[in-house]
Amino acid sequence: MVRPLVLFGAFAALLCAADPRDIIRKAVEMDERNAPLAAHYNFLQRELVREFDHAGKVKSERTETFNVISVGGSPYKRSVAHNDQPLSPAADRAEEEKIREVAEERRHETAEQREKRIEEWRKHQERYHEPLHELANAFNFTVAGEETRDGRATYRIEGTPRPDYKPKSTYTAFFPKVKLRAWIDKTDFQASRIEIEAFDTISFGGFLVRLEKGSQIVIEQTRMGDSLWLPSRVSITAAARLLLVKNWNREMDYSFSEFRKIQPDSSLVLLHPIGR
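Take the sequence shown: its position 183, counted from the start at 1, is 183 in this note's numbering, and no numbers get skipped.
Listed below in structure tokens is the structure:
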């Protein structure tokens with residue numbers, strides 16, 4: 001009986017020694033290092049949108065698949081499939097023509113135009129990462145345990161809002177009404193999975209949009225090698241009310257695969273992954 005108690009005590013002491021706030025700060029730091037490296041990859045993006053009726057039954061479902069490639073230094077989404085079926089020859093030719101027109105347009109940009117376009121894209125990306133900088137200040141964290149994900153050891157960290165936290169922007173305004181769980185890789189300090197769940201109604205734009213309790217976001221990443229992690233899935237399950245009138249119950253699932261490092265002469269390599 002003594003041995004299990006000793007082991008349990010040692011395990012508890014180990015968890016206490018791992019400061020969860022420091023782990024989160026390190027994970028944010030690694031994400032900042034990772035972001036510019038991730039921009040050097042083309043990839044396949046599949047988007048699933050599923051809508052539900054008031055009874056929770058599926059009302060409609062559709063998928064779109066895109067080849068996301070770098071054209072002139074910033075991404076372009078080239079449609080390759082609809083509802084998991086390849087585009088018709090006519091639609092495919094139209095998509096081919098669109099991307100060639102974009103490539104031609106970007107080839108004739110001035111240096112100033114090119115810089116402005118790429119900077120706008122970078123700022124758009126930075127807005128997605130902005131809330132990460134506030135995590136350590138916005139939540140109280142605890143190390144809830146250690147788990148193995150995809151064969152790798154992780155810390156499982158849980159976060160609840162700090163009562164004294166004051167959001168600094170619209171991108172962090174929802175923090176006081178959500179709880180989160182994060183699985184942080186013990187070696188690379190990258191988040192292999194993050195779950196964010198609303199425990200109260202969240203309003204955006206006054207009463208224009210109200211996100212209901214229970215809405216959830218799940219983000220998953222996968223290790224590509226050399227400590228580089230890239231997104232593999234983002235899932236959003238949300239019930240909302242628009243203008244206090246229209247109810248909206250939807251699941252959106254984005255999956256990312258077939259990452260290919262961008263080569264100097266490969267900005268227009270197109271991928272037809274479905275039935276071609």
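Glycine is no exception: its CB is placed at the ideal position from the N, C-alpha and C atoms.
A quick note: this is a predicted structure, and the numbers were derived from the prediction, not measured.
F174 and I202 have their alpha carbons spaced roughly 6 Å apart.
Under the DSSP assignment, L87 falls outside any beta strand (DSSP E); it carries neither an H nor an E label. Secondary-structure assignment with DSSP links Q216 through a beta bridge to E197 and T237. Counting along the chain, the unbroken alpha helix (DSSP H) around N34 starts and ends at P20 to A38.
The beta carbon of R162 sits closer than 7 Å to the beta carbons of A138, F139 and N140 from its chain, once the five residues preceding and following it are set aside; these are given in chain order.
Excluding its 5 nearest sequence neighbours in each direction, R241 has C-beta neighbours in its own chain below 8 Å: V209, R210, E212, N247 and W248, listed in chain order. One thing to note: E258 has its Cβ no nearer than 8 Å to the Cβ of F52. Listed in chain order, the alpha helix (DSSP H) elements of length 4 or more contained wholly in the segment 99-136 are 111-129.
Taking C-alpha positions only, K77 is separated from S70 by approximately 9 Å.
Residue state for P176 is assigned as helix, using DSSP reduced to three classes.
Cβ-Cβ distances below 6 Å link G225 to nothing in the same chain once the five nearest sequence neighbours on each side are left out. Residue pairing from DSSP places Y155 in a beta bridge opposite E146 and I184. Taken through DSSP and simplified to helix, strand or coil, D253 comes out as strand.
DSSP places K77 in the uninterrupted beta strand (DSSP E) bounded by S74 to H82. F66: member of the beta strand (DSSP E) spanning V58 to V71, first to last residue. Here S215 is buried, its C-beta having at least 16 other C-beta atoms within 10 Å.
Looking at E146, S88, E197 and D185, the one whose alpha-carbon comes closest to that of G159 is E197. Distances from the alpha-carbon of A238 to those of M252, S227, P231 and A111 put M252 closest. In this structure, the alpha-carbon of E101 lies about 15 Å from that of S79. Distances from the CA of K186 to each of D150, Y165, I236 and H133 were compared; the closest alpha carbon is that of D150. Rounded to whole angstroms, the separation of the alpha carbons of G56 and R117 is 42 Å. Approximately 7 Å separates the beta-carbon atoms of I24 and I157; this is inside 8 Å, confirming the contact.
Note that the C-beta distance between A91 and T65 is not below 8 Å.
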